[in-house]
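Protein chains: 4
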Amino acid sequence: MNGYDQEKLGYNYAIGRYAKPIAEVGPGDTLTVETMDAFEGRVKDAATRPSQVGDELNPLNGPILVKGAEPGDALAVRIESIVPRGPQPRGTTVLKPWFGGLSPTAKSVARPLPEIVRKLEITESGVKWNQSLTLPYEPFIGTIGTAPRSAAIDSLTPGRHGGNMDLPDVKPGAVIYLPVRTPGAYLHLGDCHAIQGDGELCGVAAEFPSVATIGVDLVKGWDLEWPLLENGECIMAIGSARPLEDAVRIAYDALIGWMADKFAFDCWDAYFLLTMVGKARLGNVVDPAYTVGASLAKKYLVPSADAKLADLTPGKGA
Amino acid sequence: MNGYDQEKLGYNYAIGRYAKPIAEVGPGDTLTVETMDAFEGRVKDAATRPSQVGDELNPLNGPILVKGAEPGDALAVRIESIVPRGPQPRGTTVLKPWFGGLSPTAKSVARPLPEIVRKLEITESGVKWNQSLTLPYEPFIGTIGTAPRSAAIDSLTPGRHGGNMDLPDVKPGAVIYLPVRTPGAYLHLGDCHAIQGDGELCGVAAEFPSVATIGVDLVKGWDLEWPLLENGECIMAIGSARPLEDAVRIAYDALIGWMADKFAFDCWDAYFLLTMVGKARLGNVVDPAYTVGASLAKKYLVPSADAKLADLTPGKGA
Amino acid sequence: MNGYDQEKLGYNYAIGRYAKPIAEVGPGDTLTVETMDAFEGRVKDAATRPSQVGDELNPLNGPILVKGAEPGDALAVRIESIVPRGPQPRGTTVLKPWFGGLSPTAKSVARPLPEIVRKLEITESGVKWNQSLTLPYEPFIGTIGTAPRSAAIDSLTPGRHGGNMDLPDVKPGAVIYLPVRTPGAYLHLGDCHAIQGDGELCGVAAEFPSVATIGVDLVKGWDLEWPLLENGECIMAIGSARPLEDAVRIAYDALIGWMADKFAFDCWDAYFLLTMVGKARLGNVVDPAYTVGASLAKKYLVPSADAKLADLTPGKGA
Amino acid sequence: MNGYDQEKLGYNYAIGRYAKPIAEVGPGDTLTVETMDAFEGRVKDAATRPSQVGDELNPLNGPILVKGAEPGDALAVRIESIVPRGPQPRGTTVLKPWFGGLSPTAKSVARPLPEIVRKLEITESGVKWNQSLTLPYEPFIGTIGTAPRSAAIDSLTPGRHGGNMDLPDVKPGAVIYLPVRTPGAYLHLGDCHAIQGDGELCGVAAEFPSVATIGVDLVKGWDLEWPLLENGECIMAIGSARPLEDAVRIAYDALIGWMADKFAFDCWDAYFLLTMVGKARLGNVVDPAYTVGASLAKKYLVPSADAKLADLTPGKGA
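Chains as they are written, first to last, in our numbering: chain A, 4 to 321; chain B, 4 to 321; chain C, 4 to 321; chain D, 4 to 321.
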């Protein structure tokens with residue numbers, strides 16, 4: 004990234020304002036970041052035991068200071084490209100004891116899962132899965148976020164700051180909007196995945212080291228509670244919480260707010276329309292908070308202006 | 004439905020073995036059912052208050068007795084077609100106090116939502132939403148299920164018996180597999196929707212009366228714990244529970260079981276593959292249990308036979 | 004129970020209005036019921052495998068028809084006494100695969116628990132636990148409820164009808180108030196426990212066959228949404244739901260309603276007071292819905308009449 | 004606290020290793036800390052609107068560096084006394100929009116609660132509630148915890164580090180054991196409550212400024228995953244999570260671990276015994292994670308040594 008050496012400075016395992024920035028950018032700048040995989044490269048082959056390579060996961064690049072960013076603004080981060088790097092097999096997926104969507108939700112007297120490592124050959128043409136099957140290369144950024152006001156959030160946890168959402172929509176062509184809560188924003192990112200299903204079921208997708216190129220812009224005075232995202236097809240709001248229904252609620256609620264604020268929807272009209280054509284995408288269902296992206300296709304951004312005047316007045320009910 | 008008159012006999016508000024069957028069919032038969040909307044037609048216009056039309060929702064047609072069905076078998080119900088019926092505007096969506104995805108999850112001291120009714124013109128060409136927007140006609144059966152062994156489950160609750168899943172994939176072209184838990188199966192169905200987004204956000208989709216045609220078949224000795232579904236593109240398992248993450252877990256777990264039993268997958272290989280390309284579709288997030296359909300595209304039904312012998316042995320871990 | 008033979012008629016595994024009543028009582032009557040243990044006596048010794056004795060648990064006595072009971076009334080059931088019966092060791096607790104508070108919350112790829120049976124000697128003097136320890140005899144009724152309007156709820160699930168709450172407060176000296184939702188109420192009960200900790204951790208308390216004596220009374224026109232309970236010390240409301248926080252919310256909300264309706268509390272004053280001195284007791288955290296009893300000591304039933312007029316006006320806020 | 008001035012240095016709104024220590028103590032030392040109330044004194048009277056006094060709650064004293072504390076050790080903090088300070092009425096409780104146990108669990112389209120402030124006169128004799136009722140003075144420390152390895156956890160969130168548990172058992176006479184995860188431990192505390200019910204229902208107990216005296220000791224080589232607590236009557240483990248059932252599970256699981264490690268219990272014997280006589284105390288059900296203390300009376304610390312050899316062998320089941 005423009006001449007700094009994150010490897011020498013050390014990767015971050017928390018998103019906060021306490022580490023020294025490794026780069027400073029202005030609105031409109033483009034950056035190239037060399038991300039590590041989720042294990043910081045320590046799961047080298049099928050003989051490695053994932054439980055033995057350290058507790059901290061998702062090494063992050065950053066903090067990146069954004070000039071002029073103040074609390075109450077939003078960052079607009081455009082994902083330009085994600086390209087694999089490093090020697091083959093550069094991809095890694097594993098089963099870890101007590102981790103993943105089909106493990107117990109908390110410590111239990113059940114016995115742990117086995118430990119299994121699968122190394123994967125990954126190119127821009129695909130993810131080689133077995134002798135007969137190659138999966139598509141659909142890369143995205145698993146973890147991206149900005150510093151909260153006082154806390155520093157560990158790199159495994161998503162939330163209002165973004166973080167480890169593991170949402171496949173954070174991919175080339177998308178713009179993600181992140182809240183600024185501390186001067187300079189303190190952007191962190193990493194944890195790229197070459198492909199992932201809904202929910203990241205076993206907790207470890209096709210993890211790989213990458214060269215990620217992003218464009219950073221600033222929207223002054225747009226005070227976001229939760230991350231938002233936009234691409235050519237849809238607008239999306241992203242919620243993270245436990246239990247999972249709360250993530251769904253947060254995401255749809257934030258989407259209604261966006262529809263009302265920027266697209267002239269009456270809030271009940273938006274609520275009804277999302278009941279008919281809203282989409283909900285599971286990010287992760289395995290991390291300390293679960294992530295859901297709720298979206299609306301842009302072709303449906305058509306408020307019921309007439310209905311609003313007639314029978315949709317909020318508060319008319321009991 | 005072949006000469007019976009459900010309206011005269013009365014609709015059912017529970018799925019059990021206690022009501023008198025209204026029809027008897029054999030494996031391979033096709034039936035045509037005239038369903039009511041979720042309010043049994045009582046929300047007639049925008050002046051109706053949904054909270055005043057009765058507590059019981061989702062009137063169901065049935066029970067339909069399936070000859071030869073015994074506990075431990077599965078019903079295979081093929082959705083042939085769903086056609087709107089009745090005078091326009093035949094569609095209904097509403098906001099109800101204390102109901103819907105963005106209401107509190109339980110009684111609270113917060114104030115209730117307003118009551119709002121929107122009547123909708125629905126044809127096979129589309130759902131007229133407002134002056135500028137017509138939504139696609141994408142009909143499906145919201146509630147379909149078989150009787151449990153001793154209980155009779157209310158028509159609002161989905162579960163291991165199927166029931167009020169509100170899953171848009173139960174549409175023409177799909178086959179849903181339902182467990183038989185009582186002799187004769189006692190199939191019930193109703194609650195068709197003309198279109199619905201992921202999660203049925205406000206709790207009331209585009210409800211409408213329909214003529215639904217289904218084919219009923221029997222798979223002897225296939226003992227299902229949860230409903231399964233199949234169409235030209237994918238196989239899907241359907242879980243219903245609270246909190247929502249448990250529905251996700253149930254659905255993915257049942258899908259792994261199906262992949263292992265019928266498609267020769269090693270269970271860890273299936274678990275890994277779903278981590279990469281599994282899809283999760285929200286049915287409802289508003290009913291007494293929430294519903295998720297977890298699916299795998301049929302093109303990915305390719306077990307890693309070689310890997311199985313090498314590094315995927317279950318139990319090799321800690 | 005006054006001359007009927009439940010054993011001959013068969014126990015019920017669902018609470019509904021579909022089984023034939025085995026007794027009819029009038030308000031003010033006292034009944035004696037011989038309950039079975041949760042396994043209907045089938046776990047005979049430590050060599051029995053609990054997973055092999057049938058899926059249905061909690062055989063219930065009933066239905067008991069209450070003369071004059073109409074929807075919108077409440078039953079008042081006074082627990083008079085619970086006495087052990089049958090040959091020693093008459094008590095049973097077990098570990099079952101996939102069941103209990105420290106098992107996974109849904110099917111998972113984790114391995115099941117071992118199966119273990121412990122038979123227990125139970126008398127009115129105590130529950131013999133091991134060579135050095137005898138636990139107190141603190142018996143209560145695990146499952147008691149009335150029929151819903153259309154459904155029949157399985158005997159393992161608690162809810163608005165009561166049912167399998169597994170709440171230790173349903174013990175001699177308490178009166179439990181249950182909603183009447185079908186004419187005659189159709190009361191069911193069974194599943195007595197000799198002692199149980201908060202949450203019924205492994206899912207199986209000290210189960211035992213008993214002779215339970217209850218008094219049944221009727222409160223006309225008291226329309227309960229959830230069960231309530233009263234003893235010499237406190238008033239309690241009982242909620243059952245998943246996730247557990249919803250059971251807490253339901254219980255406290257119903258308690259606030261009771262305080263407002265019968266004890267002249269302003270609802271915000273009640274909300275504040277319960278924040279200071281409310282008690283929450285876990286019933287079960289292992290069944291299809293979890294149960295919480297929220298209570299207030301009777302000595303605190305002192306409304307802040309003056310505050311009400313001053314600063315507690317609801318709606319004065321944002 | 005021995006000559007430092009937290010007010011001048013500023014209170015902390017996160018528990019981490021990034022703030023400069025305000026005191027350094029050795030094992031065996033006693034400290035006196037002047038805590039602020041949860042609003043840092045900004046809710047001065049009934050006319051204050053709680054939503055206008057800032058987003059950050061629970062100002063904490065600290066960090067307190069403990070000499071010799073290394074990751075893998077445990078702190079033993081003995082609560083000696085908690086005495087009210089400051090001018091009357093020194094106590095504060097409030098209703099805040101969108102906060103508290105009976106608010107929605109996430110943003111919703113429901114309307115917010117009213118804002119209400121109640122100021123309370125608090126002495127060591129009691130909490131004056133209204134003209135006729137004085138509640139007992141039962142003070143405890145609401146928030147106490149140690150720094151995690153890399154993150155800094157906001158002062159509203161409880162977790163494996165302790166933090167904002169709001170558990171009434173952290174009171175004079177108790178010893179709480181906290182994990183050390185960073186050299187020097189970086190102990191923080193504050194947020195004292197004069198009395199609180201189970202769950203801290205409205206989210207704001209009887210908050211007050213206090214003089215808290217604690218003794219700090221160190222247990223070398225005791226690697227805790229979750230906080231533990233001990234008093235004259237019982238041993239307790241403390242879990243914090245969402246949903247609430249996970250907090251119950253974590254707490255009981257950690258308690259089983261303690262019983263096995265230090266009191267010679269077989270784990271299944273411990274699991275059974277807690278099923279019979281375990282107690283679960285709700286701390287908060289209102290914060291970003293919910294807290295439960297699971298406990299066993301010391302009189303029951305009697306392992307079934309004989310049973311262990313007979314029928315309790317783990318793994319004997321399916």
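Beta carbons: idealized from backbone N, C-alpha and C, even for Gly. Values in this document were obtained by computation on a predicted structure and should not be read as measured data.
Cβ of residue i within 7 angstroms of any chain B Cβ
i: D:T117; result: Per the sequence presented here, residue 117 of chain D reads as Pro, with Thr not at that position. No, no contact with chain B.
i: A:V251; result: yes
i: A:V214; result: no
i: A:V178; result: no
Min CB distance residue i to chain C below 7 angstroms
i: B:A154; result: yes
i: D:T278; result: yes
i: D:I288; result: Reading off the sequence shown, one finds Val at residue 288 of chain D, where the question assumed Ile. By this cut-off, D:V288 is an interface position.
Chain A contact residues for residue i, given Cβ-Cβ distances below 8 angstroms
i: C:T108; result: P107, T108
The ligand SAM heavy atom lying under 6 angstroms from the CB of residue i
i: D:G162; result: Absence of the ligand SAM from the depicted structure is noted, as is the absence of any ligand whatsoever, leaving it without description.
Listed by chain order, chain D residues near residue i by CB distance under 8 angstroms
i: C:D256; result: L105
i: C:I198; result: M279, V280
Interface partners of residue i on chain B, CB under 7 angstroms
i: D:P246; result: P246
i: A:F275; result: T96, R121, C205
Proximity below 7 angstroms, CB of residue i to CB of residue j
i: B:D157; j: B:A17; result: yes
i: B:T322; j: B:P175; result: Missing from the structure shown is residue 322 of chain B; chain B here goes from 4 to 321 and no further.
i: C:G104; j: C:L204; result: yes
i: A:G235; j: A:I253; result: no
i: B:V69; j: B:G202; result: no
i: C:V130; j: C:V97; result: no
i: C:I198; j: D:M39; result: no
i: D:V251; j: D:A77; result: no
i: D:R81; j: D:V173; result: no
Proximal residues of chain B, C-beta to C-beta of residue i below 8 angstroms
i: C:A17; result: S153, A154, A155
Beta-carbon neighbours of residue i, restricted to chain A and to distances below 7 angstroms
i: B:D201; result: G281, K282, A283
Top-ranked residue by Cα proximity to residue i, from the options
i: A:I67; options: A:A209, A:F102, A:A188, A:Y14; result: A:A188
i: A:N64; options: A:T137, A:A215, A:N133; result: A:A215
i: B:R379; options: B:E124, B:L304, B:D290, B:G193; result: The requested residue 379 of chain B is not part of the displayed model; chain B covers only 4 to 321.
i: B:A273; options: B:L285, B:G260, B:A283; result: B:G260
i: B:F211; options: B:L181, B:I144, B:Y303; result: B:I144
i: B:V207; options: B:G218, B:D194, B:S213; result: B:D194
i: B:P306; options: B:D269, B:A283, B:T108, B:E233; result: B:D269
Any chain A beta carbon closer than 7 angstroms to residue i
i: D:Y14; result: no
i: B:C205; result: yes
i: B:L138; result: yes
Closer than 9 angstroms at the beta carbon, the chain C residues around residue i
i: B:E59; result: R152, S153
Closer than 7 angstroms at the beta carbon, the chain C residues around residue i
i: D:A209; result: M279
i: D:W271; result: L98, I119
(request) Output, in sequence order along the chain, the residues in the stretch 18-35 of chain C whose CB is closer than 8 angstroms to any CB in chain B. (result) Hits within the stretch, in order: G19, Y21.
(request) Report the residues of the stretch 73-101 of chain A with a CB closer than 7 angstroms to any CB of chain B, ordered along the chain. (result) Only those residues of the stretch 73-101 of chain A whose C-beta falls short of 7 angstroms from the nearest C-beta of chain B are listed: T96, L98, P100.
(request) Could you name the residues of the stretch 118-136 of chain A whose beta carbon sits closer than 8 angstroms to any beta carbon of chain B, in the order they occur along the chain? (result) Taken in chain order, the members of the stretch 118-136 of chain A whose beta-carbon sits within less than 8 angstroms of a beta-carbon on chain B are E118, I119, V120, R121, V130, W132, N133, Q134, S135, L136.
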